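Just add 32 to the spot in the sequence shown (first one is 1) and you have our numbering.
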Amino acid sequence: MTTTGIRLHAPAPGWSIDADVVVVGSGVAGLTAALRCEAAGLTTVVVTKARLDDGSTRWAQGGIAAALGEGDTPEQHFEDTLVAGAGLCDEEAVRILVTEGPDAVRRLIATGAQFDESADGVLELTREGGHHRRRIAHAGGDATGAEISRALVEAVRARGLRTIENALVLDLLTDAEGRTAGVTLHVMGEGQHDGVGAVHAPAVVLATGGMGQVFSATTNPAVSTGDGVALALRAGAEVSDLEFVQFHPTVLFLGPDAEGQQPLVSEAVRGEGAHLVDADGVRFMLGQHELAELAPRDIVAKGIMRRMRENDAEHMYLDARHFGAEMWERRFPTILAACRAHGIDPVTRPVPVAPAAHYASGGVRTDSHGRTTVPGLYACGEVACTGVHGANRLASNSLLEGLVYAERIAADIASAGLHARVPQPLPTAERPAHPLLPPEARFTIQRTMSRGAGVLRSEASLAEAADRLDRLHADARDALDENGKTAEPGVDTWEATNLLCVARVLVAAARRREETRGCHWREDRPERDDTAWRRHIVVRLNPDRSLAVRTTDTTDFPPTLTQAQEQ
């Protein structure tokens, strides 16, 4: 294992604390991993970019999928997941998810999460796209993520876990042998420390969520800037399948120039019987798939985009007027409030919707225990690529994946005895190796990605995006080489630099995959090609900041370095 030697330009840490494990992120994956590590007797520190309850988990509306209902089985859940994944799911990873999932949800309930139940105390389960059974547990109608976040945050505080809020993690610390030794971080004025510091630990768990802010319009919160993937790349880790960005089909359309986080209209609305229609009221998904509006998300997103192009329209409509006011208020109060806040009453009129960036199916490559290619570095949740989602995530599998693989990571850290090793981090380099972008580059990146690497892609659009991103990369590098200057270190410049890093990888992978598969739609390569492309694309960062892109020989993930070392 050789690291890249690349670090963000930042001041040297002015303080440090020691721990057995540092968990970066406070969504369902991060807090579950932290609670399980603490329960195993490991000194655990949670670092989160905003408040403990401010990550992507709290925005999850639909629910969490697991074979909990009468007549449902893990095998049926397994099959639905494989179909949605379009031939690229890792079957072992999916098998782990669906067999360990039901008990993981029960443990979440034991932790304090309260899911909606019928009058006789049975879980109310609903359907979403790609599921042939009602297996989605929900809370507060459409506020599942908020309830899960509440329960886990309360448990973390009750157990007295050390937390550092409002802290952006910068880079991984490693020792002389390339093993994990902790992280550097910057506390943004409201945490328990000020400025740049470090947490020294032999095990680091990345649970930083997604990278939706790489696009102009997304359902992701403002903190989702791909920090975990960028950190892992600089540390020498491999990422996989980053071209598979899921665009949620039904996001509230706020106008062609709307940017930033957009309100989501949950798939559960379609699961309860809402219809997708065009301006003439025609249900255009009928005949396109056996499940019509409940087809997997990539199929629905493509169906909407096709109809938009045919009709020269900016959006389609979701019609659920037949629900009536009582059902809207009981089952979907959050969505109802969001629509009304923007002047749309779904009780009386169809809701304008269009696809927007929602979920990264790829990420930092891991094995079945969450281990990455850097010894001591783990990843779970949206930042990770376990192989569960393949080319397209099945609805509501994300919360379950965070639960299941977080528990597996905690068990592996405890059994591996990593805490017995006292980390000896190498000193940070005196001269910065990675120039920073100015804050305004963020908007250039987002618009470039939305135009060239959004729902519809082609070699021409991707080549143009790659050229624009390369120019940003070269301009920052040249400024540093010529006068030793770079943009002023700070949250906005670190985030812009992270966004450029993940954008370059995403575009490189999307150009390499010359086919249409799952949520990767190439207009110039409209067919799925299993012979040539039932493979994974793996990317790492070279020490000179160029990208090394390779394609696996088979659909199986190659072993991570830690696995290979153990064999």
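Where a beta carbon is used, it is the ideal one built from N, C-alpha and C, also for glycine. Note that the structure is a prediction, hence the values are computed from the model and not measured.
Can you give me the start and stop residues for the beta strand (DSSP E) that residue i sits inside?
i: LEU435; result: Taken as a continuous stretch (DSSP letters only), LEU435 belongs to no beta strand (DSSP E), being part of the alpha helix (DSSP H) at 429-448.
i: GLY172; result: Neither: GLY172 is in no beta strand (DSSP E) and is coded neither H nor E.
i: MET348; result: 348-351
i: PRO384; result: 383-392
i: VAL78; result: 76-79
i: PHE194; result: Note that residue 194 is Arg in the sequence shown here, rather than Phe. Residues 194-196.
i: GLY227; result: 227-232
i: VAL237; result: 235-238
i: ARG572; result: 569-573
Helix, strand or coil, according to DSSP, for residue i in the structure here?
i: CYS417; result: strand
i: PHE276; result: coil
i: ARG549; result: strand
i: VAL539; result: helix
i: ARG582; result: strand
i: LEU40; result: strand
i: SER48; result: strand
i: GLU291; result: coil
i: GLN599; result: Low local confidence applies: a pLDDT of 35 at GLN599 is under 50, so the model's placement there is unreliable, and no value is given.
i: GLY95; result: coil
i: HIS505; result: helix
i: ILE376; result: coil
i: ASP344; result: coil
i: HIS451; result: helix
i: ASP203; result: strand
i: LEU308; result: strand
i: ALA519; result: coil
i: GLU149; result: strand
i: HIS466; result: strand
i: LEU458; result: coil
i: ALA142; result: helix
Residue i and residue j look like a contact to me (Cβ under 8 Å); what is the Cβ gap, rounded to whole Å?
i: ASN424; j: ARG329; result: 7 Å
i: GLY161; j: ARG302; result: 7 Å
i: GLU546; j: ARG554; result: 7 Å
i: ILE38; j: LEU573; result: 7 Å
i: ALA485; j: ALA497; result: 5 Å
i: GLU564; j: LEU274; result: Note on identity: in this sequence residue 564 is Ala, with Glu being the wrong assignment. With 8 Å as the limit, ALA564 and LEU274 do not qualify as a contact, their Cβ atoms being about 19 Å apart.
i: SER272; j: GLY394; result: 6 Å
i: ALA145; j: ALA175; result: Not quite, the Cβ-Cβ distance comes to about 12 Å (not below 8 Å), so this is no contact.
i: LEU40; j: HIS466; result: 5 Å
i: ALA169; j: GLY229; result: With 8 Å as the limit, ALA169 and GLY229 do not qualify as a contact, their Cβ atoms being about 39 Å apart.
i: THR143; j: ALA187; result: 5 Å
Could you tell me the boundaries of the alpha helix (DSSP H) in which residue i lies?
i: GLY395; result: No alpha helix (DSSP H) holds GLY395; the beta strand (DSSP E) holding it covers 395-397.
i: LEU662; result: The chain is shown only over 33 to 599; residue 662 falls outside these bounds and no answer can be derived.
i: ALA181; result: The question names Ala, yet the displayed sequence has Ser at residue 181. Per DSSP, SER181 belongs to the alpha helix (DSSP H) from 176-191.
i: VAL53; result: Here VAL53 belongs to no alpha helix (DSSP H); instead the beta strand (DSSP E) covers 53-56.
i: THR64; result: 60-71
i: HIS164; result: It is not in any alpha helix (DSSP H) - HIS164 carries neither H nor E in the DSSP assignment.
i: LEU9; result: The structure shown does not extend to residue 9, since the chain spans only 33 to 599, so no value can be given for it.
i: HIS109; result: 106-116
i: ARG266; result: 259-266
Skipping 5 residues on each side, what residues in its chain have a beta carbon closer than 7 Å to that of residue i?
i: ARG463; result: Caution applies to ARG463, whose pLDDT of 48 falls short of 50 and renders its modelled position unreliable; the model cannot decide the point.
i: VAL201; result: VAL56, VAL79, VAL215, LEU217, ASP259, LEU263
i: GLU439; result: THR64, ARG68, ALA136
i: THR404; result: ALA264, ALA269, VAL396, ARG397, THR398, TYR410, ALA411, THR592
i: GLU361; result: LEU368
i: ALA370; result: LEU284, PRO295
i: PHE247; result: ALA389, GLN478, MET481, SER482, GLY486
Might you give, ordered along the chain, the residues of its own chain that have their beta carbon closer than 8 Å to the beta carbon of residue i, omitting 5 neighbours on each side?
i: ARG560; result: ALA118, GLY119, GLU547, THR548, ARG549
i: VAL523; result: LEU200, HIS218, MET220
i: ASP310; result: PHE316, ARG339, ASN343, ALA345, MET348, TYR349
i: LEU114; result: CYS121, GLU123, VAL126, GLY422
i: ARG509; result: PRO467, ARG577
For residue i, which residues in the same chain have their Cβ closer than 6 Å to its Cβ, ignoring the five residues on either side in sequence?
i: ARG543; result: LEU494
i: THR583; result: ARG567, ILE569
i: GLY177; result: THR89, ARG90, TRP91, ALA92
i: ALA446; result: ALA72
i: GLU527; result: THR257
i: ALA235; result: VAL53, GLY408, ILE445, LEU450
i: SER181; result: ASP85, THR89, ARG90
i: ALA82; result: VAL255
Does the region 520-539 touch the region 252-268, meaning 3 or more C-beta pairs lie closer than 8 Å? For the pair of segments examined, the region 252-268 was found to touch the region 520-539: the number of CB pairs separated by less than 8 Å reaches three.
With contact counted as at least three CB pairs below 8 Å, one residue from each stretch, are the region 122-131 and the region 75-85 in contact? no
Does the region 137-154 come close enough to the region 406-417 to have 3 or more Cβ pairs within less than 8 Å? no
Closer than 8 Å is the cut-off here; do at least three beta carbon pairs connect the region 319-327 with the region 395-404? no
Does the region 237-246 come into contact with the region 414-432, if we say contact requires no fewer than three beta-carbon pairs (one atom in each stretch) closer than 8 Å? The region 237-246 is in contact with the region 414-432.
Are at least three pairs of beta-carbons, each pair with one atom in the region 176-195 and one in the region 49-68, less than 8 Å apart? Three or more pairs of CB atoms, one per stretch, sit closer than 8 Å, so the region 176-195 contacts the region 49-68.
Three or more C-beta pairs under 8 Å: does that hold for the region 286-293 against the region 243-254? yes
Would you call the region 268-281 in contact with the region 386-393, where contact means no fewer than 3 C-beta pairs closer than 8 Å? yes
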